[in-house]
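282 is the number of the first residue of the sequence shown in my numbering; add one for each residue after it.
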Amino acid sequence: MSLVQKLFETCKEVFAFGGTGIVPSSENIERLRSVLDAMKPEDVGLNPDMPYFRMTVGERTPAITYLHLYECEKFSMGIFCLPPSGVIPLHNHPGMTVFSKLIFGTMHIKSYDWVVDFPSETPTIVKPSEMQSVEIRLAKVKVDADFNAPCNTSILYPADGGNMHCFTAVTACAVLDVLGPPYSDPAGRHCTYYLNHPFSKFSVDGVSILEEEREAYEWLEEREKPEELAVVGALYRGPKFVES
């Protein structure tokens, strides 16, 4: 059995009874993690010399290629291919458990969880000036680091583990994503994008953090899907798997 076939079969079992906000058991999480940890570029038919990973001359914002492997109402599998400096902007995964495996390359990941024990558990409107009001919510930085393949699969959960994250390609890189369940507008699982602001930028009544801890907290502000984000689809041409 190919590793991508094993991945599909494992996902089908792990997410069989899944849904919004339902996290697989710890045993199932470890099962799926172990399959993803073993994935190498050749297991999905990728290498850094492919056109997906090249910068185009004069291109300000590199296009990102998405290779669709599979999607059903329970889970999805796909690969994001990022040229150097490619960015997947800060976004969320509502009610979802997400496994991200860096197949090759170096990627910077910055992720956040909502702070739920402050008055800002719900969005707070602040007025930096008389002409402007901003709706913000407090989040704690979970991860802010470079990851080099091969490395362990990262996992985020509906309420912790870094549910909002941003990917920046330090070098050309590919990341295999498994989402359970996948995004679905009819089911209320919308992809929301955010701007991040330093904690010191806004002052909110009832919210105080020790100065030496403030770098671990930022304000997130909802935004429209960034205009500069360009994701193009391409056919997955790696080892085949049977959707049994």
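A virtual CB, placed ideally from N, CA and C, is assigned to each residue, including glycine.
Specify whether the segment 376-396 and the segment 415-432 touch according to this definition: at least 3 beta carbon pairs, one from each stretch, less than 8 Å apart. Yes, since at least three Cβ pairs between the segment 376-396 and the segment 415-432 fall closer than 8 Å, the two stretches touch.
Outcome for C292 when other beta-carbon atoms lying within 10 angstroms are tallied against a minimum of 16: So C292 ends up on the buried side.
Candidates M331, N328, I384, G367: closest to R341 by CA position: Distances from the CA of R341 to each of M331, N328, I384, G367 were compared; the closest alpha carbon is that of G367.
Alpha carbon to alpha carbon, how far is V451 from V513? 20 Å
Taking the CB atoms as reference points, tell me whether V415 and E502 lie closer together than 7 Å. Yes; because the gap between Cβ atoms is below 7 Å, this pair is in contact.
Only counting the same chain, and skipping five residues up and downstream in sequence, which positions put a Cβ closer than 6 Å to that of R495? F480
Proximity below 7 Å, CB of E474 to CB of H372: The sequence as given places Tyr at residue 474; Glu does not occur at that position. Yes, the pair counts as a contact, with Cβ atoms nearer than the cut-off.
With which residues is I345 paired in a DSSP beta bridge? In DSSP, I345 forms a bridge with V512.
Would the beta-carbon of G461 fall within 7 Å of that of G299? Taking 7 Å as the cut-off, the Cβ atoms of G461 and G299 count as close.
So is V523 buried or exposed if we call it buried at 16+ other beta carbons inside 10 Å? exposed
Can you give the Cα-Cα distance for N309 and M320, rounded to whole angstroms? Here the alpha carbons of M320 and N309 stand approximately 17 Å from one another.
Could you check the C-alpha separation between C472 and M445 for me, to the nearest Å? 10 Å
Less than 7 Å between the beta carbons of P439 and G376, yes or no? Yes, the Cβ-Cβ distance between P439 and G376 is below 7 Å.
Going by C-alpha distance, which of A420, D398, D394, L363 is nearest I384? L363
Measuring CB to CB, does P370 end up less than 7 Å from C447? Yes; because the gap between Cβ atoms is below 7 Å, this pair is in contact.
3 or more residues per run - each beta strand (DSSP E) lying fully within the segment 288-364: 345-352, 357-363
Assigned exposure category for A420 - 16 Cβ within 10 Å defines buried: buried
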